[in-house]
Structures are given as C-alpha cells and as structure tokens.
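Take my numbering: the final residue in the sequence shown is number 612, and no numbers are missing along the way.
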Amino acid sequence: MCLDWTLLRLFPPLRATWALKGTQALVPITGRNAKRVLFGAIDLRSARRVVLIRHRAGQADAQAFLRALRRRYRRAGWLWLLTDRASAHTAPQTLALATRLRIRFVWLPRQAPELSPMDHLWRELKRLVAANRQAASIEVLAADAADWVLRLTPQQARRKAGMASKRFWLRKLLQNFWRPT
C-alpha cells in the first residue's frame, strides 16, 4: 500500500482558467482560510482506498490513520506501507504503534513525490475538486474530496495514481513478487 496526506485549504488553489480577453479571471473567496488534512492510502494491487479527514497532520493524526488502516485490513497479516519520511511517520511513537499494529514502512527517497501514487491522486483531486472555486465550508470541501477519492473505480484510481502506466516504477515488482495484502 502507498500512504500519504494532503492539505486542503478553503481558499482554492488557482489554476489556469478562462476569462474574456483583456479581463482578469475572478475567483471569489470569503471568510478565513481554514484547512483540513486528508490522510489516504491506496492498495497497490487492488486500488482500494482508505481516507481519513483530520484537522492536523501531526503525530497523533498519523497514528489515528494507522489505526483506521488496520481496522480496514483487520484480517491481513503484516501491512507494508510505502511512504515518505514525513516527521509524523518517522516519530518513535508512530513507529512503535506501527509495530504493535503489524505495519511496516518502506521509505521513499527524500524529495521524490513523483514516486508516490497517492501524491498523483492528490494532485488530480486538487485539480478536479478544489481548484478555482471556493466550497461552502471546509467540512464540505473535505467531505467532497474524500468522497471523490473513494468513489473512483479501481481502474480510474489506478490511472489517476499513475499505476496503470507501463512505466510505473513498481509494475514488475507487483507482477512478480508482491504478495496481496
């Protein structure tokens, strides 16, 4: 499985948009720039996804996600999670909890988001769900974002996460070695 988190802000990320020639495109925003964090994981074989909405991306939040992941994969043996070296993931208490929950981490190289399928999925989420328009509230935006990730078909999830590509860097490993979780 691949694990990552992303930050959603109430103020929308601005992307290329259309406007009449000679006029600036307007994206109306109101209120304060609230934020929510989405923790997510995608099963590299089945493309099943797990998403958890939190207020922060701290150590306690990462641990809550590990517990949610273990509940979802209750009957599985050891879970192997491919992830970055975010401080919430590498904290000693998080690593100890992971061991108790029968979860092992496989660390991605630093500064290599292109290797993480969840990073690709988050990028698509922000482009399609959050960009250029403000949601009614941060709770609505977070719920819509989680719903978008979870409603993707396995084929759509694989494609948007870059896992369907013939050049996906884990393709051979998944075909020849990786046992199902």
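Backbone N, C-alpha and C define an ideal beta-carbon position, used for all residues, glycine too. Everything numeric in this text was worked out from a predicted model, so none of it was measured.
Residue i and residue j closer than 8 angstroms at C-beta
i	j	result
Lys466	Ile569	yes
Val560	Asp575	yes
Leu469	Ile484	yes
Straight-line gap, residue i to residue j (C-alpha atoms, nearest Å)
i	j	result
Arg602	Arg589	12 angstroms
Leu581	Val482	8 angstroms
Leu434	Ala456	36 angstroms
Arg487	Gly471	14 angstroms
Ala566	Leu572	6 angstroms
Arg502	Leu532	10 angstroms
Thr514	Thr454	43 angstroms
Met594	Arg541	20 angstroms
Limits of the alpha helix (DSSP H) - the one that residue i falls within
i	result
Ala573	Ile569 to Arg582
Arg554	Pro548 to Leu556
Thr521	Ser518 to Thr521
Arg487	From DSSP, Arg487 is part of no alpha helix (DSSP H); its letter is neither H nor E.
Buried versus exposed call for residue i [16 or more other C-beta atoms within 10 Å across all chains shown]
i	result
Thr448	exposed
Leu552	buried
Arg505	exposed
Thr525	buried
Given residue i as reference, the closest of the options once Cα atoms are compared
i	options	result
Asp474	Ala495, Ala517 and Ser547	Ser547
Asp492	Arg479, His520 and Glu545	His520
Leu439	Thr584, Leu605, Gln587 and Leu556	Leu556
Arg554	Leu583, Ala450, Ala592 and Arg498	Ala592
Leu441	Arg541, Arg564, Leu605 and Lys597	Arg564
Arg558	Trp511, Leu539, Glu545 and Trp579	Trp579
His528	Arg498, Ser596 and Leu604	The question names His, but residue 528 in the sequence shown is Leu. Residue Arg498 is the option with its Cα nearest to Leu528.
Phe536	Trp509, Arg479, Pro544 and Gln587	Trp509
Check: residue i C-beta below 7 angstroms from any heavy atom of the ligand SAH
i	result
Asp578	The ligand SAH is absent from the structure shown, which contains no ligands of any kind.
Enclosing beta strand (DSSP E) for residue i [first to last residue]
i	result
Asp435	Cys433 to Arg440
Leu457	Neither: Leu457 is in no beta strand (DSSP E) and is coded neither H nor E.
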